[in-house]
Amino acid sequence: MKLARYSHNGRTSLGKVEGQYLIDLSEVLPAGARDVADILASPAALEAARTLQGHAGNRLALEEVRLGAPILRPSKFMALGMNYKDHEAEARRAGVPIPTSQVWFSKQVSCITGPFDDVHYPAVCERMDYEAELGVVIGKPGRYIDEEQALEHVAGYFVANDVSARDWQAKSPTWTLGKSFDTHGPIGPWIVTADEIADPQALNIRLQVNGETRQESSTSKMTYSVARQIAYLSQVMTLQPGDLLITGTPAGIGLAMDPPRFLAVGDVMRVEIDGIGHIENRVIAEPR
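Residue numbers (our numbering): 1 to 288.
So this is what it looks like as structure tokens:
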């Protein structure tokens, strides 16, 4: 099932996507539901959404709606660096030290934006870059989760672009500021429930800038699997329903090219993951 947050005729609601249609879920939503996380947190709501049939009163053409970020304010938005073998190889060639354990950092939730929204080029940034990533939504709370059971804690998957201000990353030994500019966390286009993804380590992932393929790889090339990531992170913090994890980027980032190829105002980034969908964001000058 594909669960989405959308706007239509000035109204924002939640729906499920079936082919070229979106079925509005208002009649089965929990009271006060704001985003897809509220559905995922309620087994009853999830089942009601799954069984709701489309009819003339709740069915919209997908092309008529504006898709928004499916989850707006998770309690955590965690990201893993340097997690593809091909990305490690390009970093090694550039003289970047390769970590010997998982390197996690947080993106502030205020950076989250929609799958087709504009991304701002900050006035204080000179080197803006892209990173295609598989996103994971936690569906069941847990601490000290065994790797063998880790995927049982996953509610679904999404497409993400870990937009990065490389000059701000370089200013500090921690990456949070360089990864957290407003609009630098486009996610979507919806949440695909975990039952539709047989193996998160068998997904093709690609990114294009202005139609040119810059990144093309497979999640099979991850150094640390999704299950291993969840197990590791849960040693430190309790993972809660609705938490977002993004799982690293493959080779092809602009920083690693010779010479580097950073983003510019007017560029259009498209990230696609097989079995999930795509997001597409235009870079615009930051409104001041």
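Where is the CB? At the ideal position from N, CA and C, for every residue including glycine.
- Using a 10 angstroms sphere on the CB of alanine 231, the tally of other CB atoms reaches 16 or more, which defines it as buried.
- The C-beta of glutamine 235 has fewer than 16 other C-beta atoms within 10 Å across all chains shown, which makes the residue exposed.
- The continuous beta strand (DSSP E) containing glutamate 272 extends over residues 268 to 273.
- Put simply, of Gly54, Ile187 and Gln108 the residue whose alpha carbon is nearest the alpha carbon of aspartate 118 is Ile187.
- Straight-line spacing of the CA atoms in proline 200 and glutamate 133 works out to 12 angstroms.
- Taken atom to atom, the span from the alpha-carbon of valine 265 to that of glutamate 212 is near 16 angstroms.
- When secondary structure is reduced to three states using DSSP, valine 103 falls in the strand class.
- Comparing alpha-carbon positions, the option among Leu60, Ala31, Ser164 and Pro43 lying closest to asparagine 9 turns out to be Leu60.
- When C-beta atoms of the region 178 to 185 are compared with those of the region 267 to 275, fewer than three pairs fall below 8 angstroms, so the two segments do not count as touching.
- Here the C-alpha atom of glutamate 148 lies approximately 24 angstroms from the C-alpha atom of phenylalanine 105.
- Aspartate 162 counts as buried, since at least 16 other C-beta atoms from the protein chains shown sit within 10 angstroms of its C-beta.
- Pairing leucine 207 with tyrosine 144 gives a Cβ-Cβ distance that is not under 8 angstroms.
- Assigned with DSSP and collapsed to three states, glutamine 229 falls in helix.
- Scanning Tyr224, Lys85, Leu22 and Asp167 for the CA closest to the CA of glycine 57 turns up Leu22.
- C-alpha of glycine 248 to C-alpha of methionine 222: approximately 8 angstroms in a straight line.
- Assigned with DSSP and collapsed to three states, glutamate 133 falls in strand.
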